[in-house]
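Undergrad: The sequence shown lines up with residues 29 to 364 when you count with my numbering.
First the structure, then my questions, so here it is.
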Amino acid sequence: MKRNHILFAAILFLSVVFLQACGNGGGEDASNEGNGDAGGEAANYPERTIELVVGYGEGGGTDNFARLVGQKMSEKLGENINVVNQPGSRGAIAEEYVQNQPADGYTIWVATPDILVNIATDSTPYPLEDYTPLGRGQLDTYTIQTSSDSEFDDIDAVIEAAQENPGTITIGGTAADGFDELSADRVMEDLDIELRYVPYDEAGMMHSDVLGGHTDLMLEEIGPAKATIESGDLDVLAIFIDNEEVEGFEDVPTNPERGWEFTDGNARSFYVKSDTPEEIINVLEEAYAEVILEDEEYLQYEEDNYLHIREDGYLPREEYEQLNEELLQEYEETLN
Numbered sequence: 029m030k031r032n033h034i035l036f037a038a039i040l041f042l043s044v045v046f047l048q049a050c051g052n053g054g055g056e057d058a059s060n061e062g063n064g065d066a067g068g069e070a071a072n073y074p075e076r077t078i079e080l081v082v083g084y085g086e087g088g089g090t091d092n093f094a095r096l097v098g099q100k101m102s103e104k105l106g107e108n109i110n111v112v113n114q115p116g117s118r119g120a121i122a123e124e125y126v127q128n129q130p131a132d133g134y135t136i137w138v139a140t141p142d143i144l145v146n147i148a149t150d151s152t153p154y155p156l157e158d159y160t161p162l163g164r165g166q167l168d169t170y171t172i173q174t175s176s177d178s179e180f181d182d183i184d185a186v187i188e189a190a191q192e193n194p195g196t197i198t199i200g201g202t203a204a205d206g207f208d209e210l211s212a213d214r215v216m217e218d219l220d221i222e223l224r225y226v227p228y229d230e231a232g233m234m235h236s237d238v239l240g241g242h243t244d245l246m247l248e249e250i251g252p253a254k255a256t257i258e259s260g261d262l263d264v265l266a267i268f269i270d271n272e273e274v275e276g277f278e279d280v281p282t283n284p285e286r287g288w289e290f291t292d293g294n295a296r297s298f299y300v301k302s303d304t305p306e307e308i309i310n311v312l313e314e315a316y317a318e319v320i321l322e323d324e325e326y327l328q329y330e331e332d333n334y335l336h337i338r339e340d341g342y343l344p345r346e347e348y349e350q351l352n353e354e355l356l357q358e359y360e361e362t363l364n
């Protein structure tokens with residue numbers, strides 16, 4: 029009988045220990061659950077394909093930027109990054125798509141200052157605080173370009189014709205009421221002329237119309253049109269930069285020569301939703317910065333596309349967030 033009592037007590041003791049262990053395990057799981065699954069997901073991120081959403085058509089500067097940086101980030105992260113083009117409405121179509129995706133780092137939005145223009149003009153319900161940039165990747169340089177078959181041999185011919193017939197000469201840009209149109213307005217102020225702005229959803233169509241003589245001029249960067257410029261089918265008439273001259277375009281006037289003030293370039297950046305776990309943002313931010321600052325193929329791409337002529341292209345996340353806030357305030361004052 030005594031042996032039975034001892035055996036029973038031993039079994040009871042082991043049962044209590046087992047239940048306590050289970051309880052502790054459950055408590056640990058509950059604690060992890062209370063902190064959300066983000067910690068575990070971040071530790072394993074990424075585990076599947078990432079979508080890179082571009083609010084503009086294929087072949088333009090923003091699309092080219094997204095594809096190369098996305099490819100290089102994919103190599104660093106060990107997962108595929110697929111580029112998805114959703115052009116239209118100054119990037120608002122792409123923005124709406126991004127907003128309907130989880131904040132888990134698997135959807136990245138490639139955006140330009142149109143994000144600020146949309147907010148400043150109440151064209152989007154989403155505030156700037158909804159997004160976190162990985163940093164500014166590029167700061168491009170605007171030029172005026174025309175077909176080599178056009179009547180305009182230089183910028184002075186454009187100015188003379190526009191002053192004689194205000195509003196008859198057309199200039200193309202990407203999107204209506206966006207950063208390109210805002211920039212075109214500022215260019216007209218500098219040149220003291222009136223042009224008729226023609227918006228395009230895709231840069232490729234704009235290039236075709238200029239080459240075909242359907243649109244007289246276009247506000248475009250050198251990179252997206254480089255091949256057509258080098259073939260002699262497009263001419264660059266003006267470059268809006270503070271450099272005295274640009275290598276390869278020594279005969280093209282720049283701001284110091286003419287006293288122009290407009291030097292804003294089209295900035296390109298990767299954004300995620302601001303409630304994405306910080307650990308995931310850090311992973312993406314590190315890979316993004318390494319590509320833009322260190323990758324040899326990307327740096328060669330910048331040089332080949334005249335992105336290197338501005339020394340201040342890349343900005344880290346915190347500096348770019350502050351700059352965006354300042355620019356948004358400026359656009360709100362300018363556009364309203």
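From the three backbone atoms N, C-alpha and C, an ideal C-beta is built for every residue, glycine too.
At a cut of 8 Å, does the region 77-85 reach the region 208-227 through at least three beta carbon pairs?
TA: The region 77-85, when compared against the region 208-227, does not touch it at the 8 Å Cβ threshold.
Undergrad: What residue range does the beta strand (DSSP E) around P20 cover?
TA: Residue 20 is absent from the model: the chain starts at 29 and stops at 364.
Undergrad: Could you tell me whether the Cβ of E107 comes closer than 8 Å to any Cβ of chain B?
TA: This model lacks chain B altogether; it includes just one protein chain.
Undergrad: How would you call G98, buried or exposed, if buried means at least 16 neighbouring beta carbons within 10 angstroms?
TA: Locating residue 98 in the sequence shown gives position 70, counting from the first residue. The residue in question, G98, is buried, as its Cβ has 16 or more Cβ neighbours within 10 Å.
Undergrad: What is the DSSP secondary structure of T90, counted as helix, strand or coil?
TA: Within the sequence shown, residue 90 is the residue found at index 62, counting from 1. The answer is helix: DSSP assigns T90 an H, G or I state.
Undergrad: Spell out the partners DSSP gives I109 in its beta bridges.
TA: Taking the sequence shown and counting its residues from 1, one reaches residue 109 at position 81. Per DSSP, I78.
Undergrad: Rounding to the nearest angstrom, what Cα-Cα distance links R345 and P161 in this structure?
TA: As a first step, residue 345 must be located in the sequence shown, where it is residue number 317. As a first step, residue 161 must be located in the sequence shown, where it is residue number 133. Taking the straight line joining both Cα atoms gives about 6 Å.
Undergrad: Where do the ends of the beta strand (DSSP E) carrying F207 lie?
TA: As a first step, residue 207 must be located in the sequence shown, where it is residue number 179. Per DSSP, F207 belongs to no beta strand (DSSP E); it is in the alpha helix (DSSP H), 207-219.
Undergrad: Looking at C-alpha atoms only, which residue of V319, Y125, E209 is the closest neighbour of Y359?
TA: Mapped onto the sequence shown, residue 359 falls at position 331. Looking at the Cα atoms, E209 is the closest of the given residues.
Undergrad: Is the Cβ-Cβ distance between M246 and M233 less than 8 Å?
TA: As a first step, residue 246 must be located in the sequence shown, where it is residue number 218. As a first step, residue 233 must be located in the sequence shown, where it is residue number 205. Not in contact: M246 and M233 (Cβ atoms no closer than 8 Å).
Undergrad: Which partner residues of L351 appear in the DSSP bridge assignment?
TA: Reading the sequence shown from its first residue, position 323 is the one you call residue 351. None; L351 has no bridge partner.
Undergrad: Go through its chain and collect everything with a Cβ distance to Y329's Cβ below 7 Å, but skip five positions before and after it.
TA: The residue given as residue 329 occupies position 301 in the sequence shown. These residues qualify, in order along the chain: L96.
Undergrad: Roughly how many whole angstroms lie between the Cα atoms of Q127 and F180?
TA: If you number the sequence shown from 1, residue 127 lands on position 99. If you number the sequence shown from 1, residue 180 lands on position 152. Roughly 44 Å separates the two Cα atoms.
Undergrad: Out of V138, S259, N72, P74, state which residue places its alpha-carbon closest to the alpha-carbon of G89.
TA: Counting from 1 along the sequence shown, the entry for residue 89 is found at position 61. Comparing Cα-Cα distances from G89 to each of V138, S259, N72, P74, the minimum goes to V138.
Undergrad: Our contact map puts V186 next to L239 with C-beta atoms below 8 Å; I'd like the distance itself, whole angstroms only.
TA: As a working note, residue 186 is residue 158 in the sequence shown. As a working note, residue 239 is residue 211 in the sequence shown. With 8 Å as the limit, V186 and L239 do not qualify as a contact, their Cβ atoms being about 17 Å apart.
Undergrad: Once you ignore the five residues that flank D166 on each side, which residues in its own chain have a CB closer than 7 Å to its CB?
TA: In the sequence shown, the residue the question calls residue 166 occupies position 138. At residue 166 the sequence reads Gln, which differs from the Asp that was named. Within the same chain, Q166 has close Cβ partners F93, A295, R296, L335, G341.
Undergrad: Give every residue of the same chain whose Cβ lies closer than 7 Å to the Cβ of L321, excluding the five residues on either side of it in the sequence, and list them in chain order.
TA: As a working mapping, residue 321 is identified with position 293 in the sequence shown. Within the same chain, L321 has close Cβ partners Y342.
Undergrad: At the level of alpha carbons, what is the spacing between E289 and V215?
TA: Against the sequence shown, residue 289 aligns to sequence position 261. Against the sequence shown, residue 215 aligns to sequence position 187. Distance between the alpha carbons of E289 and V215: 9 Å.
Undergrad: What residues in its chain sit with their C-beta under 7 Å from that of L351, if we drop five residues either side in the sequence?
TA: Residue numbering aside, residue 351 sits at position 323 when the sequence shown is read from its first letter. Counting only Cβ-Cβ distances below 7 Å, and skipping sequence neighbours, we find L343.
Undergrad: Can you tell me the Cα-Cα spacing of E353 and V145, whole angstroms?
TA: Reading the sequence shown from its first residue, position 325 is the one you call residue 353. Reading the sequence shown from its first residue, position 117 is the one you call residue 145. Whole-angstrom Cα-Cα distance: 12 Å.
Undergrad: Taking just the CA atoms, how far does E75 sit from D57?
TA: As a working mapping, residue 57 is identified with position 29 in the sequence shown. As a working mapping, residue 75 is identified with position 47 in the sequence shown. Confidence is the limiting factor: at D57 the pLDDT is only 40, short of 50, which leaves the residue's position unreliable, though a coordinate-based value still follows. Computed Cα separation, rounded: 22 Å.
Undergrad: Between which two residues does the alpha helix (DSSP H) containing E322 stretch?
TA: As a working mapping, residue 322 is identified with position 294 in the sequence shown. Run containing E322: 306-322, per the alpha helix (DSSP H) assignment.
Undergrad: Looking at C-alpha atoms only, which residue of T174, S302, I78 is the closest neighbour of D263?
TA: Numbered from its first residue, the sequence shown carries residue 263 at position 235. If we check each option's Cα against that of D263, T174 comes out closest.
Undergrad: What number of angstroms, rounded off, separates the C-alpha of C50 from the C-alpha of A131?
TA: By one-based count along the sequence shown, residue 50 stands at place 22. By one-based count along the sequence shown, residue 131 stands at place 103. Model confidence at C50 stands at a pLDDT of 43, short of 50, so the residue's coordinates are unreliable; what they give is reported in the following sentence. Going by the C-alpha atoms only, they are around 33 Å apart.
Undergrad: Alpha carbon to alpha carbon, how far is L156 from E349? Give it in angstroms, no decimals.
TA: Locating residue 349 in the sequence shown gives position 321, counting from the first residue. Locating residue 156 in the sequence shown gives position 128, counting from the first residue. Roughly 9 Å separates the two Cα atoms.
Undergrad: Alpha carbon to alpha carbon, how far is A253 from L80?
TA: As a first step, residue 253 must be located in the sequence shown, where it is residue number 225. As a first step, residue 80 must be located in the sequence shown, where it is residue number 52. Approximately 23 Å between the Cα atoms of the pair.
Undergrad: First and last residue of the alpha helix (DSSP H) that includes Y125?
TA: Translated into positions along the sequence shown, residue 125 becomes position 97. Taken as a continuous stretch (DSSP letters only), the alpha helix (DSSP H) holding Y125 covers 120-127.
Undergrad: To the nearest angstrom, report how far apart E272 and I337 are at their CA atoms.
TA: Translated into the one-based positions of the sequence shown, residue 272 becomes position 244. Translated into the one-based positions of the sequence shown, residue 337 becomes position 309. Those two C-alpha atoms are separated by around 11 Å.
Undergrad: Please give me, in chain order, every unbroken run of the alpha helix (DSSP H) with length at least 4 that falls completely inside the region 145-207.
TA: Qualifying alpha helix (DSSP H) stretches, in chain order: 183-192.
Undergrad: Should Q205 and T149 be called a contact, given that it needs their Cβ atoms to be closer than 8 Å?
TA: What you label residue 205 is simply residue 177 of the sequence shown in a count that begins at 1. What you label residue 149 is simply residue 121 of the sequence shown in a count that begins at 1. Here residue 205 turns out to be Asp, not Gln, going by the sequence shown. For D205 and T149, yes; Cβs fall inside 8 Å.
Undergrad: Out of curiosity, what's the CA-to-CA distance linking D142 and D279?
TA: Start at 1 with the first residue of the sequence shown, and residue 142 comes out as number 114. Start at 1 with the first residue of the sequence shown, and residue 279 comes out as number 251. Approximately 31 Å between the Cα atoms of the pair.
Undergrad: Give me, in chain order, the residues of the same chain whose beta-carbon lies closer than 6 Å to that of G116; leave out the 5 immediate sequence neighbours on both sides.
TA: Indexing the sequence shown from 1 puts residue 116 at position 88. Cβ neighbours of G116 beyond the five flanking positions: D229.
Undergrad: N113 to A255, Cα distance in whole Å?
TA: As a first step, residue 113 must be located in the sequence shown, where it is residue number 85. As a first step, residue 255 must be located in the sequence shown, where it is residue number 227. Their Cα atoms are separated by approximately 22 Å.
Undergrad: For E61 and A203, I'd like the C-alpha separation in whole angstroms.
TA: Your numbering for residue 61 matches position 33 in the sequence shown. Your numbering for residue 203 matches position 175 in the sequence shown. In this predicted model, E61 has a pLDDT of only 38, less than 50, meaning its place in the structure is not dependable enough to derive any value.
Undergrad: Assign N63 to one of three DSSP states: helix, strand, or coil.
TA: On the sequence shown, position 35 is the one that residue 63 refers to. For N63, the predicted model reports a pLDDT of 38, less than 50, meaning its position is unreliable and no value from the coordinates is stated.
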